[in-house]
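Chemist: In our numbering, the protein residues as written are 8 to 245.
The following block contains the structure, expressed as structure tokens.
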Ligand code: FPP
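Following this line, the structure appears as structure tokens:
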């Protein structure tokens, strides 16, 4: 297999389920939080790689609706880590012309976290390079229900309702669907991530746990994507 990326066929949007932090730490006799801390290095390197390869949108599944059910100490540690990471990384986002966005029920996050995110979003909003989307307190089912609730408040009738109208109520409005979804740590599940948007995404699963994931692994995933044939329900033979 050629190890060269085809620069003319880069997925515009890559979504990643960053999984395996806890197991990675346990394997090393450490607490789960140690894995989350190490995961920040992977986040940095993956963002750097995505910019280098010319990806336009990178969505990272950082905290799911279901993750609120984890022990309070782990939830608190993750929120503290998020606040610290946003605070530390915003200057590099600006330097790299990256704009930050979030999807999910942000109102559920601690106020300090909401404030940090809002500031970083504001500071990076005019950047014209890659868009980094953090999925926080997010789940695909939540997003769909949330869209339906908003639609029910409008004067939308079944006659004028369409897929295009529905799309406008999703949090990814104006963002193309991901062509590639990556999940680390060997688990082969969607786990309630971008249920609507991944209808035709290529799925890529790697055994590597998130703290070991680096831009070379992103490159490998992109190359595999480039070697796949995407038919969107059609055939290639006439
Ligand atoms: C999954 O591993 C990982 C998470 C729930 C959190 C991921 C968050 C980070 C790496 C930090 C995010 C920060 C930014 C700035 C995006 P797991 O705990 O489910 O691992 P396990 O499956 O081994 O238990």
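We treat Cβ as the ideally placed atom computed from N, Cα and C, and that holds for glycine.
Any idea what DSSP makes of residue 106, helix, strand or coil?
Modeler: In the chain shown, counting from the first residue as 1, residue 106 sits at position 99. It is a strand residue.
Chemist: Going by alpha carbons, who is nearest to residue 176 out of 190, 156, 221 and 165?
Modeler: Taking the first residue of the chain shown as 1, we reach residue 176 at position 169. Residue 176 has its Cα closest to that of 156, out of 190, 156, 221 and 165.
Chemist: Check residue 15 in the structure and name its three-state DSSP category.
Modeler: Translated into the one-based positions of the chain shown, residue 15 becomes position 8. Coil at residue 15, not helix or strand.
Chemist: Confirm, please, whether the CB-CB distance from residue 221 to residue 26 is below 9 angstroms.
Modeler: Locating residue 26 in the chain shown gives position 19, counting from the first residue. Locating residue 221 in the chain shown gives position 214, counting from the first residue. No, Cβ-Cβ distance for residue 26 and residue 221 is not below 9 angstroms.
Chemist: Judging by CA-CA distance, which residue of 134, 21, 45 and 174 is the nearest neighbour of residue 84?
Modeler: Indexing the chain shown from 1 puts residue 84 at position 77. The option with the nearest alpha carbon to residue 84 is 45.
Chemist: Could you tell me if the beta carbon of residue 30 falls within a distance shorter than 8 angstroms of some heavy atom in the ligand FPP?
Modeler: As a first step, residue 30 must be located in the chain shown, where it is residue number 23. Under cutoff, so the answer is yes.
Chemist: Measuring CB to CB, does residue 101 end up less than 9 angstroms from residue 120?
Modeler: The sequence position of residue 101 within the chain shown is 94, counting from 1. The sequence position of residue 120 within the chain shown is 113, counting from 1. For residue 101 and residue 120, no; Cβs fall outside 9 angstroms.
Chemist: Is residue 74 near the ligand FPP, in the sense that its beta carbon is under 8 angstroms from a heavy atom of that ligand?
Modeler: Numbered from 1 along the chain shown, position 67 holds the residue referred to as residue 74. True, at least one ligand heavy atom lies under 8 angstroms from that Cβ.
Chemist: Can you tell me which of the three DSSP states residue 71 falls into?
Modeler: For the purposes of this step, residue 71 is taken as the residue at position 64 of the chain shown. Note: residue 71 maps to strand in three-state DSSP.
Chemist: Mapping DSSP to helix, strand and coil, what is residue 146?
Modeler: By one-based count along the chain shown, residue 146 stands at place 139. Here residue 146 sits in coil by DSSP.
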